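Have a look at the structure below, then the notes.
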Amino acid sequence: MSDTTYLVLSIIFACFVLLMLGTALANLFYRVPYVPSKMRVIKRVLSLAKLKKGQKVYDLGCGDGRFLIEAYKKAQVDATGFEMAPIPYLLAQLNKYVHKAKVRIQMKNFFKYNLRDADVIFCYLLPETLADLKDKFLNECQKGTKIICHTFQIEGLTPVKVVVKNKKTGIPNIYMYKI
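For what it's worth, this note's numbering labels the leading residue of the sequence shown as 691, then goes sequentially.
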């Protein structure tokens with residue numbers, strides 16, 4: 691193997707390790723692990739959301755962007771996702787490009803982003819993270835904003851609708867809140 695080939699392979703390997711490390715640290719620090727939603731769950735969430743063209747939709751911890759892309763394809767919404775882990779962020783950018791979806795994927799901390807213009811917010815987050823978001827939702831979201839949570843509920847808020855776990859279809863609990 692030539693010195694140049696060895697150098698190139700070493701650089702590629704180092705970049706891969708840095709991406710993996712960055713993703714692991716982001717998951718640990720922000721408590722938002724990358725666990726993709728299954729398409730049947732996304733379709734159920736979208737039917738629950740009753741999206742309309744032009745609505746502002748956020749996905750907090752958007753992973754590979756699949757929810758945003760499906761929301762855009764279904765209703766041409768103004769969709770924005772937030773993802774801090776490098777590998778899912780890059781996957782989301784690639785997914786967006788492949789599907790030609792006009793969605794925004796931001797490598798930003800959603801806790802530092804004002805959600806006041808949201809019509810619908812999708813969350814597949816751990817209970818501790820949802821608890822930390824409760825006051826943010828109450829303080830920033832306008833009356834009528836829908837917050838839809840996959841699997842975990844927001845302690846202290848009462849959902850307006852609950853889709854109960856269905857073992858036959860593999861759809862977990864889905865909670866919808868309205869501010």
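The beta-carbon is built from N, C-alpha and C at its ideal position, and this holds for glycine as well.
Bear in mind the structure is a predicted one, so any value in this text is a computation, not a measurement.
query, result
"Of the residues T770, A775 and A808, the one placed nearest A791, counting alpha carbons only", "T770"
"Where F800 falls, given that 16 or more other Cβ within 10 Å makes a residue buried", "buried"
"Sequence-distant residues of its chain with Cβ nearer than 6 Å to L823 (five each side left out)", "none"
"Three-state class that DSSP yields for M691 in the structure shown", "coil"
"N785 burial status per 10 Å Cβ neighbour count (16 or more: buried)", "buried"
"Distance, F827 Cα to G744 Cα", "21 Å"
"Classification of G755 by the beta-carbon crowding that lies within 10 angstroms, buried from 16 upward", "buried"
"Alpha-carbon spacing of L750 relative to S692, whole angstroms", "46 Å"
"Contacting residues, own chain, Cβ-Cβ under 7 Å from Q688 (five flanking each side not counted)", "Since the first residue shown for the chain is 691 and the last is 869, residue 688 is missing from the structure and cannot be characterised."
"Which residues DSSP lists as bridging L828, in chain order", "Paired residue(s): none; L828 is not in a bridge."
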